[in-house]
Every structure is written in C-alpha cells, then in structure tokens.
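*Asks:* First the structure, then my questions, so here it is.
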Amino acid sequence: QVQLVESGGGLVQAGGSLRLSCAASGSIFSINAMGWYRQAPGNQRELVATITSGGITNYADSVKGRFTISRDNAKNTVYLQMNSLKPEDAGDYYCYARRGYDRFIYWGQGTQVTVSS
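Here is the structure:
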C-alpha cells in the first residue's frame with residue numbers, strides 16, 4: 032500500500048503562483064511514476080504532469096512553460112510549482128502514484144486550487 036498526502040492548494044489571483052506537495056509513504060519502492068491530475072467542476076479528470084522514477088517529466092500542453100513538476104527523493108515528496116495561474120487552472124488537484132509491475136494507481140485525497148480573475 033502507498034499513502035499520498037497533498038498540501039498547498041488555496042486561493043490565488045490570476046497570474047499568481049502556488050506550489051503543491053505530495054508526500055508518499057508505505058511501499059514506495061513499488062512506484063515508478065508520480066504526478067498530478069486535476070478536475071474542474073463538470074469536467075473529466077485530466078493529467079497535468081508526471082515524473083518517472085528516472086526523472087522524466089511530461090506535461091499537459093495547457094500547462095507547459097508554466098508548471099514544473101519535481102521531486103525530493105529524500106523526502107519521498109513530489110512538487111508541482113504552478114506559475115502564471117489562469118482561472119481555467121482552477122479545480123481539485125489529485126496526486127497519483129503508479130505501481131510499476133501492474134500500473135495500479137494510488138490516489139491522494141485532493142487539494143483545491145481556486146484562481147480568481
């Protein structure tokens with residue numbers, strides 16, 4: 032089992048920044064990728080950013096150049112630095128961790144991001 036605890040959401044004005052954190056615990060040796068999804072009201076959950084155990088990153092086109100995903104292996108924590116936030120970035124952000132041998136996904140509880148225009 033893997034437990035994920037997110038933090039860092041909140042209210043920010045358009046153009047501002049937030050940093051989300053996701054701390055993992057448990058059987059983290061089984062994880063080969065972590066990242067973030069988001070879901071706005073009435074929309075499907077969409078992948079925002081991923082970082083693999085090898086350090087490869089991938090981003091949704093809508094956030095490229097504005098968001099940066101990183102990790103601190105010593106703290107078993109993944110971060111999502113979000114800059115130049117737009118109202119359309121608002122939603123619930125969910126951290127996920129993917130188990131390597133069967134691609135099972137663990138989810139965090141979600142953290143809300145609100146961007147005022």
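Note that our numbering gives residue 133 to position 102 of the sequence shown, counting from 1, and the numbers run on in steps of one.
Note that beta-carbon positions come from the ideal geometry of N, C-alpha and C, so glycine has one too.
Please read all numbers here as calculations on a predicted model, not as lab measurements.
1. Quick one: Cα of S61 to Cα of G141, how far?
2. In this structure, how does DSSP classify S101 when only helix, strand and coil are distinguished?
3. Can you tell me whether A22 is buried or exposed? The criterion is at least 16 other CB atoms within 10 Å of its CB, across all chains shown.
4. According to DSSP, which residues form a beta bridge with E37?
5. At what residues does the beta strand (DSSP E) containing G66 begin and finish?
*Replies:* Let me spell this out:
1. Distance from the CA of S61 to the CA of G141, rounded to the nearest whole angstrom, comes to 22 Å.
2. In the structure shown, the three-state DSSP call for S101 is strand.
3. As displayed, the chain neither begins before 32 nor continues past 148, which places residue 22 out of reach and without an answer.
4. DSSP lists C53 as partners of E37.
5. Looking at the DSSP string, the run of the beta strand (DSSP E) that includes G66 is I62 to Q70.
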